[in-house]
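Take 616 as the starting number for the sequence shown in our numbering and just add one per residue.
Cβ coordinates follow ideal geometry from the N, Cα and C atoms, glycine included.
Down below is the structure, laid out as C-alpha cells.
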Amino acid sequence: MPVATMRFGLNILNFGTGTDPSTLLGWARFAEERGFDFAMISDHVVVTPDVAEQYPAPFYDPFTTLGWLAGQTRRIELGTTVAIVPYRHPLLTARMAANIDRFSGGRFILGVGVSWPRQEYAALGVPFERRGAITDEYLEVITRAWTEDKVTFHGRFVSFTDVATGPLPVRRPPIWVGGASAPAMRRAARFGDAWHPLNQRLPWLRSEGLPALRRAADAAGRPVPAFAPRLPLRLTGTTLDDGSRLAGQGTLDQVRRDLDDLAELGATHILFDTYPGTPDELRPSGEDQRLLERLLPHLR
C-alpha cells in the first residue's frame, strides 16, 4: 500500500496544564485545516497518582469532548485512543458512542483498551484482575446495542432484559482494539475492525505482532483486522539506532522510511501522537503542531 493511500490522524492532547476548551478546539481545527483524516482523544476517568505520573490533571473526558467537537467539525473522523472499556457500563458506552456518531453524521471511531492503572481501577471499584474478561463481555454488549433496538443480555458482569438502547448510530462505529499482549490480539481478532498498537518497534511488528494477529484471526474464524498503529512522533537531529527506536521516532528521513515500511505492512491508518511521554516534557500545543507541519509534506 503506498503511503499516499493511508489515512493520517493526530492525537488531541486532552490533559495537563494549559489544556482547556480553546486548545482542544484548536487541535480539531488544525486537523481539519491541515488535511488530516481523523483526530482522537485518550481516556482516564480519575487522575490517581499512578495516572498523574504520565497524564497529569486536568483531564478532559473523551466522550464529552468529542460530542462537543462533533458540532465544531465537518470532515474529520473523531475517536478514542483508547476508551478504557471496564470503567463504564457497556450500555452507557454504547449510548455515548452512538450519540456522538449521530451528532457527527457517522464520523465516530471507538478505540478501546484495558489500560494499566491499578489505583484508578480501585478508585472506580472495578476489579483489576478481571479487566480483560470484563472488556470482552462489554464489547459484546456494545456491538449488539448498536444494531438492536432492544437488547437482552445475561453475562458474568452485566445482566438485563429487553432494554431500549437507541438511537442507533448512523454507521456502526469501527472498533479499534489497542494492546499488544496475546489477549489483546485475540480481542482484536474477535471484536476489532482494526488493531491499534502503541509504542512498538518495526522489527517486532513485522516478525511478531502482525503474524500473531493473523494467527488470532484464523483461530477466531474472522478476517484479519486492519492495521492502524499509533506512533509516538519524535523528530531528532541525529540518527537513532534502528534496532531500538520506536516507529515514529528519529530523523525526518527515518520517520519517512517508517511510513513506507508501515504502508508495506498494510497499515490503513496512522495516528501521530506528539506527547513526549512525561508531564515535565509537555509543550504548548503550537509547538506540537509545528512538529506535525514538518511531516505534512511527506504524507501525500
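When DSSP labels each residue in this structure, what does residue i get in the three-state scheme?
i      : result
Gln687 : coil
Val666 : helix
Leu848 : coil
Ala795 : coil
Asn814 : coil
Thr866 : coil
Ala882 : strand
Phe645 : helix
Leu628 : coil
Thr696 : coil
Phe718 : helix
Val661 : coil
Val778 : strand
Val773 : coil
Gly747 : helix
Met655 : strand
Gly728 : strand
Tell me which residues share the same chain as residue i and place their Cβ nearer than 6 Å to its Cβ, disregarding the 5 neighbours each side in the sequence.
i      : result
Pro798 : Gly747
Leu897 : Gly631
Once the 5 residues before and after residue i are set aside, which same chain residues still bring their CB inside 7 Å of it?
i      : result
Asp658 : Pro677, Thr695, Val697, Ala698 and Ile699
Gln904 : Phe645
Leu911 : Arg649
Asp873 : Leu817, Ala862 and Gly863
Give me the residue from the options with the minimum Cα distance to residue i.
i      : options                           : result
Leu817 : Val870, Leu739, Tyr753 and Phe768 : Val870
Ala835 : Phe806, Gly824 and Thr851         : Phe806
Tyr753 : Asp764, Glu735, Val727 and Asp777 : Val727
Asn629 : Ile656, Glu648, Met621 and Phe645 : Ile656
Ala667 : Arg722, Pro732, Thr679 and Trp683 : Pro732
His769 : Gly682, Pro782, Glu755 and Ser822 : Glu755
Asn626 : Leu867, Leu911, Leu848 and Met711 : Leu848
Leu907 : Asp875, Gln864 and Ser822         : Gln864
Thr634 : Pro671, Arg872 and His913         : Pro671
Phe651 : Thr776, Glu902, Met621 and Pro673 : Met621
Asp888 : Ala619, Ala654 and Glu647         : Ala654
Gly858 : Trp683, Arg829 and Leu820         : Leu820
Arg771 : Arg786, Ile790, Arg745 and Arg759 : Arg745
According to the neighbour-count rule (16 or more other Cβ atoms, all chains shown, within 10 Å of its Cβ), is residue i buried or exposed?
i      : result
Gly794 : buried
Pro784 : buried
Leu706 : buried
Val778 : exposed
His811 : buried
Pro838 : exposed
Arg722 : buried
Thr680 : buried
Glu823 : exposed
Glu648 : exposed
Glu902 : exposed
Ser730 : buried
Determine, using beta carbons only, whether residue i and residue j come nearer to each other than 8 Å.
i      : j      : result
Pro788 : Ile724 : yes
Leu886 : Ala843 : yes
Ala809 : Trp761 : no
Ala643 : Thr688 : yes
Leu850 : Arg909 : yes
Ala882 : Gln815 : no
Asp751 : Arg802 : yes
Ser900 : Gly641 : yes
Leu825 : Arg845 : no
Ile749 : Pro701 : yes
Arg685 : Ser637 : The sequence shown places Ala at residue 685, rather than the Arg named in the question. No, these two residues do not count as a Cβ contact at 8 Å.
Arg690 : Pro782 : no
So, for residue i: in the same chain, excluding its five sequence neighbours on each side, which residues have a beta-carbon less than 8 Å away from its beta-carbon?
i      : result
Ala827 : Ala797 and Met800
Gln669 : Gly892, Thr893 and Pro894
Glu763 : Thr780
Ala712 : Phe678, Phe723, Leu725, Ile757, Trp761, Pro784 and Pro788
Val661 : Glu735, Ala738 and Leu739
Thr866 : Leu850, Thr851, Gly852, Thr853, Thr854 and Leu855
Please check if any C-beta of chain D sits within less than 8 Å of the C-beta of residue i.
i      : result
Ala667 : Absent from the structure: chain D. Only one protein chain is present.
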